[in-house]
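Just so you know, we're using our numbering here: the sequence shown kicks off at 14 and counts up by one.
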Amino acid sequence: FEVDHPFVIEQKAHTWLCNCAPAGYKYNSEMNVATGVSYRASFSSQGASDANDSTYHLIGHDLRSPPSSLFEKLSDPFHGYDRSIPTIFVMECVIMYLPDEASRTLLRYLAGNGAKADQSNQVDSFVTIAMYDPIPNNDRFGQVMLNNLQKRGITGQTHEDGERREQLSLERTPTLSDHLEKLNKSGFDIALGCHMMDAYDYGIVSIDDRRRAARCEMLDELEEFVLLMRHYCLCVGVHSTGDRYKAAAATLCSDGKDSPIGFQEGRCTIVHS
14 FEVDHPFVIE
24 QKAHTWLCNC
34 APAGYKYNSE
44 MNVATGVSYR
54 ASFSSQGASD
64 ANDSTYHLIG
74 HDLRSPPSSL
84 FEKLSDPFHG
94 YDRSIPTIFV
104 MECVIMYLPD
114 EASRTLLRYL
124 AGNGAKADQS
134 NQVDSFVTIA
144 MYDPIPNNDR
154 FGQVMLNNLQ
164 KRGITGQTHE
174 DGERREQLSL
184 ERTPTLSDHL
194 EKLNKSGFDI
204 ALGCHMMDAY
214 DYGIVSIDDR
224 RRAARCEMLD
234 ELEEFVLLMR
244 HYCLCVGVHS
254 TGDRYKAAAA
264 TLCSDGKDSP
274 IGFQEGRCTI
284 VHS
């Protein structure tokens, strides 16, 4: 499942995905008018049925809207999202652009996986979120980041009375600790994260990926690269109910040599509820 602005979803369904079909596979997309701009795209082998046949769901939605409306679209039979199945939500530079209160409302809803409306359903649940976002860090480099957005009219607006309202999440969560505390208060039992320089240097980014990135473009400004990487972070949060997934949640959000993600002790921060 992929969620984005309706205009972007239109472009992906008609322009981008159709060029991603592997050789020997056919691309097809269907639009669901009942849920607005949303598509069900399929990649199917042109011969007999294949285990690699897949379906990709694209949902047009403005994340500033109530999260319940998003889950209504996802749960529509056309898309068939099942809230009882363990789920990971991936957000890459998404939370930063949302008004802070809207981002907190969304995170609280995701932590409950949209299931709070049905309290009678006592099925154990497991929800993970992985976030990649900038962290201004309250320093001069971070202020330049905010100034660039302000020049484009993206950050919180200043009204006639001089008060700035509707601050973005980026403005209200300028540090890694702020992000982790926000996840925790939104209902994620365990949250951990690190800035991207530590992710790059200490195991989350594999050596093979580092070599592949190094081949893409020559790096001659190492200090600038380090400065930039220290102003972005990777955060992971987990919420589980019941006993079934407790061990999995603890393992996923662990650090040290047994961390499945690669978080290293002393190079990340962990927050428990």
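Even for Gly, the Cβ is constructed at its ideal location relative to N, Cα and C.
Are residue i and residue j close, meaning C-beta to C-beta below 8 angstroms?
i: D202; j: S253; result: yes
i: R121; j: G200; result: yes
i: I142; j: L123; result: yes
i: A47; j: Y69; result: no
i: L71; j: A26; result: yes
i: L119; j: I148; result: no
i: L205; j: C281; result: yes
i: V284; j: N197; result: yes
i: F56; j: A34; result: yes
Counting only the same chain and skipping the five closest in sequence on each side, list residues whose C-beta sits under 6 angstroms from that of residue i.
i: A212; result: V218 and L247
i: G275; result: G216 and I217
i: G255; result: D137
i: L30; result: A54
i: M44; result: Y52
i: G250; result: I142, L196, F201 and A204
i: P19; result: V50 and G73
i: N41; result: S55
i: P80; result: L119 and Y122
Answer with buried or exposed for residue i, where buried requires no fewer than 16 other C-beta atoms within 10 angstroms of its C-beta.
i: R224; result: exposed
i: K270; result: exposed
i: M231; result: exposed
i: G279; result: exposed
i: I22; result: buried
i: L76; result: buried
i: L240; result: exposed
i: G37; result: exposed
i: A227; result: exposed
i: G125; result: buried
i: V16; result: buried
i: H172; result: In this prediction, H172 has a pLDDT of 49, which is less than 50 and means its spatial position is unreliable; what the coordinates show is noted afterwards. Burial call: exposed.
So does residue i have its beta carbon nearer than 7 angstroms to some heavy atom of the ligand GDP?
i: V140; result: Within the structure as shown, the ligand GDP is missing, as the structure has no ligands at all.
If you run the structure through DSSP and keep just helix, strand and coil, what is residue i?
i: T122; result: First, the residue type needs correcting, since residue 122 is Tyr and not Thr in the sequence shown. Helix at Y122.
i: S272; result: coil
i: R257; result: coil
i: I22; result: helix
i: N41; result: strand
i: D131; result: Confidence in D131 is poor, its pLDDT being 45 and thus under 50, which makes the residue's placement unreliable; the coordinate value appears in the next sentence. It is coil, neither helix nor strand.
i: P35; result: coil
i: L232; result: coil
i: F14; result: coil
i: H8; result: This structure cannot speak to residue 8, because the chain is shown only from 14 to 286.
i: H27; result: helix
i: S267; result: coil
i: V251; result: strand
Grab me the residues of residue i's own chain with a C-beta within less than 7 angstroms of its C-beta, minus the 5 sequence neighbours each way, in chain order.
i: T186; result: H192 and K195
i: R243; result: H208 and M210
i: I108; result: S116, M144, D146 and S182
i: N150; result: P187, T188 and H244
Going along the chain, which residues of its own chain have a beta-carbon closer than 8 angstroms to the beta-carbon of residue i, five neighbours each way excluded?
i: K86; result: T48, G49, S51, I72, H74 and H92
i: K259; result: S253
> Which runs of the beta strand (DSSP E), 3 residues or longer, sit entirely within the stretch 144-229?
Replying inline: The qualifying runs are 203-208.
> Curious, which full-length alpha helix (DSSP H) runs of at least 4 residues does the stretch 45-118 contain?
Replying inline: If we require 4 residues or more, the alpha helix (DSSP H) runs fully inside the stretch 45-118 come out as 80-88.
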